[in-house]
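For the sequence shown, our numbering gives the first residue as 546, with consecutive numbering after it. Have a look at the structure below, then the notes.
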Amino acid sequence: AAPALVVVGALMMSQVKEIDFSDFTIALPAFLTIVVMPFTYSIANGIGAGFVSYVVLRAVSGKAKGIHPLMWAIAAMFAIYFALGPLQAVFG
Numbered sequence: 546a547a548p549a550l551v552v553v554g555a556l557m558m559s560q561v562k563e564i565d566f567s568d569f570t571i572a573l574p575a576f577l578t579i580v581v582m583p584f585t586y587s588i589a590n591g592i593g594a595g596f597v598s599y600v601v602l603r604a605v606s607g608k609a610k611g612i613h614p615l616m617w618a619i620a621a622m623f624a625i626y627f628a629l630g631p632l633q634a635v636f637g
């Protein structure tokens, strides 16, 4: 299983060169996705960080019309998912 994960990781990293780093609204979500996955030991958390940051950055930069409604819905669900942990810790 471990060698397969290394190969998949290498294949994923080979796609980094295709990211448009001149556009901050694309570069930062891609960076967060890449960084959050290993730090949280969760692919879902990395993808969620990418979705939420992409939608927020595009909306703040005035490009909200270009975001598909499904992207809004998924980002909202991930935001709720991320908020549940701290809320449960506070309210028991």
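For every residue, glycine included, the Cβ atom is placed at its ideal position computed from N, Cα and C. Computed from a predicted structure; not experimentally measured.
Taking its Cβ as the centre, do 16 or more other Cβ atoms sit within 10 Å of residue i, making it buried, or is it exposed?
i	result
Thr-585	exposed
Leu-577	buried
Ala-620	buried
Gly-595	buried
Check whether the Cβ atoms of residue i and residue j lie closer than 8 Å to each other.
i	j	result
Pro-574	Leu-602	yes
Gly-591	Met-582	yes
Val-605	Trp-617	no
Quick test of your reading: residue i and residue j, contact by CB under 8 Å. State the CB separation rounded to the nearest angstrom.
i	j	result
Phe-623	Val-597	5 Å
Ala-572	Ile-564	6 Å
Could you please give the first and the last residue of the uninterrupted alpha helix (DSSP H) stretch that includes residue i?
i	result
Gln-633	614-636
Grab me the residues of residue i's own chain with a C-beta within less than 7 Å of its C-beta, minus the 5 sequence neighbours each way, in chain order.
i	result
Gly-611	Arg-603
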